[in-house]
Every structure is written in C-alpha cells, then in structure tokens.
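Here's the structure, in structure tokens; my notes come after.
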Amino acid sequence: MMDWTDRHCRVLHRTMSRHVLLYTEMVTAPAVIHGDRDRLLGFDAVEHPVAVQLGGSDPAQLAEAARICEGFGYDEVNLNCGCPSDRVQSGSFGAVLMESPGLVADCVAAMRAAVSVPVTVKCRIGVDDQDPLEVLPDFIARVSAAGVDRFAIHARKAWLQGLSPKENRDIPPLDYDLVRQMKATFPHLHLSVNGGIESLDQAQDFLDGGLDGVMIGRAAYHMPSSIVLDADQRFFGGGHARSAEEVVQLMLPYIADHIASGGRLHQVTRHMLGLFQGRPGARGWRRTLSEQGHRDGAGTDVVLSALAQVTEKAA
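The sequence shown runs 1259 to 1573 under the numbering used here.
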C-alpha cells in the first residue's frame, strides 16, 4: 500500500471506524534511522490503534527502527516479508525474506528485545519455485519460535522473477485453504488472511472458519464505504453507523487545518475519491475533486461542491 495508506488516508479511515487496526505504508529501517522521522512516522493521535510497517533485513537496524517507532507512539511494529517490488528485492527484504526464515527470526527477536509493543509479521505463502506446503509452515514455526505470535498471511506466492509488483497482486493464484490449514497447524497463533478480499461478507466467512483476523487493502481503499464504514457494527459490537456524507463533514476541519499549515487539498481528497462508489453522483464527486483539488487555493469549498454532486442526485 505504498503511497496509499499515508496519514491522511488513515485519518479518513479512522473517521469511518473507531476499532479497525490501521497500518502505515512500509518504511525502511534505514530511512527511519537516518531520514526525516517526523515526515516518515508522524501521525495524528486520532489514528489509534495504528501499526507501523517496517522493511529491512538487518536485525540491529530493525531493532533501532522499532525503538524509534515505539517512541512515536505506534501500537504495533510489523515486519514486512511480503512486498515484491524490485527496490525491496535489491535491498534483500520484503518478500525475498521468505527464503531466509532464520534471518527473519533473528530480526524479530532483536525487535522484540528493543520494544514493549507487539512485533508482528506480514508474509506471503512463498516465492518463485518454493513449495508453499513446505515453506510456509517452516517459516511460521521458525519465526514464531523467536516470539512472534501474530502473522498476516497474503495467500499468494510472490513471483519475484517475471512479474511486476502490480501483477503480483493479481496473477499468482490465491490459496486460502493453505492459510486455513496454518491455523489448524498453529492454533495458538493469531493468524489473519490477506489478499483478494473484497467484502465484509467474505471477511465474515474467514472469521467463521476459524481465522483470527482479516486484512483488507485495496478494497478498503477504493470502496471504503463498503468496507471500513460498516466494520464497527459488523465486527466490534456496534456503535454509531455514520454515513459517507457525515464522514465528509467530519473531515472538513482536518482538511482546513492541513491547508492552513501549508498543505494542499488533493493530498487529503485523493484518498476520498471512492467514498461514494456505486452511488448516484459518485462520478461528479470524483470529477470535482480530481479536477479542482490540485488548483492553487483549493479549499473545503471544493469538497462541499463535490458533495453537492451526490446530495443533489439523492434528492
């Protein structure tokens, strides 16, 4: 979810759900240590609970980065062992770590020794020519022996040779049964499934089938009102069900503050384009924000004008 789940996206999603666990974009351990930490790690307190996702393969670097992230107030530190991008491969982290479970175990052991918040892992079921039936249980066993008890498993292989990162999100076949099998093999671990999940009904089926959690990425981003907006009532014991229109109104002060501090409207509203997906007026909403959100001086009036495209259709 690089360039997607930034702080503005997370504030939007938190406005829609009080309880879902939000994740940052992946940030590398060296960037955390040597880069602009406020820019990379800063977040609004309203985002809690929120996990930071780290990339790296050096235990000492990851331990230091995890310590810094904990200092920023994150509720969880997640090690990414699933990203298939070329940049990640060249840095020997992300999905390529599926080939080095011993190194991953060393990394998470160092991270756990450095912080008191949970350290978790997101992984694939394997890469390239690996046999997931052999690789995944071995990976989980060795990494959990280092103290990790929560895994989010993307139910696809990553094909590091021959597929782009985008193709790796769609082309390798999904194997949900293998993820379910891992829960039967490791009943004491908290296992979440990820990959290709597009509805809360589908998520409910996984939970009813014994899995402990469901991680939803692209569908939650592109269709937030179908996923995030209903999650609290569906899975967390109720709460006030907000409408997408209410979410827009609640975001206006945040947007105004962002602009007042030197930000641009589109930096927030680009994450809001899918709010009315499937509803009358959705096209006008998207068009207004897309065409006017980049303009100099664009403010909350643009958002209200876009919202009118929806409310007028509903009248």
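For every residue, glycine included, the Cβ atom is placed at its ideal position computed from N, Cα and C.
Using a Cβ-Cβ distance under 9 angstroms, would residue i count as near chain B?
i	result
Leu1361	Absent from the structure: chain B. Only one protein chain is present.
Suppose you measure from the CA of residue i to the CA of residue j; what does that come to, to the nearest Å?
i	j	result
Val1393	Ile1383	7 angstroms
Phe1464	Ser1501	26 angstroms
Met1509	Ala1404	42 angstroms
Asp1316	Ile1411	22 angstroms
Val1354	Gly1340	8 angstroms
Ile1326	Ile1291	8 angstroms
Gln1460	Glu1357	30 angstroms
Pro1251	Gly1551	Limits of the chain in this structure are 1259 at one end and 1573 at the other, which puts residue 1251 out of reach.
Tyr1434	Val1451	8 angstroms
Glu1504	Arg1297	29 angstroms
Gly1331	Glu1570	42 angstroms
Gln1462	Val1308	22 angstroms
Glu1305	His1516	16 angstroms
Gly1520	Ile1513	11 angstroms
Ala1318	Met1440	30 angstroms
Asp1559	Ser1484	26 angstroms
Glu1549	Leu1391	49 angstroms
Pro1342	Ala1368	24 angstroms
Arg1537	Ala1289	41 angstroms
Asp1208	Ala1556	In this structure the chain extends from 1259 to 1573, so residue 1208 is not present and cannot be described.
Asp1554	Gln1525	13 angstroms
Ala1572	Gln1535	14 angstroms
Cys1381	Glu1425	17 angstroms
Leaving aside the five residues before and after residue i along the sequence, list all residues of the same chain whose C-beta is less than 7 angstroms from its C-beta, in chain order.
i	result
Val1486	His1271, Met1274, Ser1275, Val1278 and Ala1478
Gln1567	Gly1539, Gly1542, Trp1543 and Thr1546
Leu1432	Ala1413, Arg1414, Gly1453 and Gly1454
Asp1407	Leu1447 and His1448
Thr1527	Leu1547, Gly1551 and Val1561
Phe1494	His1277
Leu1361	Ser1315 and Leu1355
Taking 9 angstroms as the cut-off, decide whether the C-beta atoms of residue i and residue j are in contact.
i	j	result
Val1366	Val1310	no
Leu1449	Val1437	yes
Thr1286	Gly1313	yes
Leu1320	Thr1378	no
Asp1488	Leu1458	yes
Val1373	Ala1303	no
Gln1419	Asp1386	yes
Glu1322	Pro1376	no
Pro1395	Ala1416	no
Phe1444	Ala1518	no
Arg1265	Gly1300	yes
Ala1442	Gly1471	no
Tyr1281	Met1481	no
Phe1397	Pro1359	yes
Can you list, in chain order, the residues of its chain whose CB lies under 8 angstroms from that of residue i, leaving out five sequence neighbours each side?
i	result
Val1506	Met1530, Leu1533, Val1561 and Leu1565
Gly1496	Asp1490
Ala1371	Ala1321
Arg1295	Ile1326 and Phe1330
Going by the C-beta, is residue i closer than 8 angstroms to any heavy atom of the ligand ATP?
i	result
Arg1476	Questions concerning the ligand ATP fall outside what the structure shown contains, since it holds no ligand whatsoever.
Would you kindly report the start and end of the unbroken alpha helix (DSSP H) that includes residue i?
i	result
Val1379	Per DSSP, Val1379 belongs to no alpha helix (DSSP H); it is in the beta strand (DSSP E), Val1377 to Cys1381.
Met1369	Pro1359 to Ala1372
Leu1523	Leu1523 to Thr1527
Val1354	Counting along the chain, Val1354 falls outside any alpha helix (DSSP H), and DSSP gives it neither H nor E.
Gly1542	Ala1540 to Gln1550
Ser1484	Pro1482 to Ile1485
Gln1462	Leu1458 to Asp1466
Asp1490	Ala1489 to Phe1493
Name the two residues that bound the continuous beta strand (DSSP E) containing residue i.
i	result
Glu1504	Not the beta strand (DSSP E): Glu1504 falls in the alpha helix (DSSP H), residues Ala1502 to Ala1518.
Leu1337	Glu1334 to Cys1339
Val1561	That residue, Val1561, is in no beta strand (DSSP E); its alpha helix (DSSP H) goes Thr1558 to Ala1572.
Val1472	Gly1471 to Met1473
Might you give, ordered along the chain, the residues of its own chain that have their beta carbon closer than 6 angstroms to the beta carbon of residue i, omitting 5 neighbours on each side?
i	result
Ser1350	Ser1315
Ala1363	Arg1400, Val1401 and Ala1404
Arg1492	Leu1458
Ser1563	Thr1546
Glu1456	Ala1477
For this session: Just list the beta strand (DSSP E) runs in the stretch 1393 to 1450, keeping only unbroken ones of 3 residues or longer that don't cross its boundaries, in chain order.
Result: Listed in chain order, the beta strand (DSSP E) elements of length 3 or more contained wholly in the stretch 1393 to 1450 are 1408 to 1412.
For this session: Could you tell me which uninterrupted alpha helix (DSSP H) segments, each at least 4 residues in length, are contained entirely in the stretch 1271 to 1323, listed from first to last along the chain?
Result: Those alpha helix (DSSP H) runs which fall completely within the stretch 1271 to 1323 and span 4+ residues are 1287 to 1292 and 1295 to 1299.
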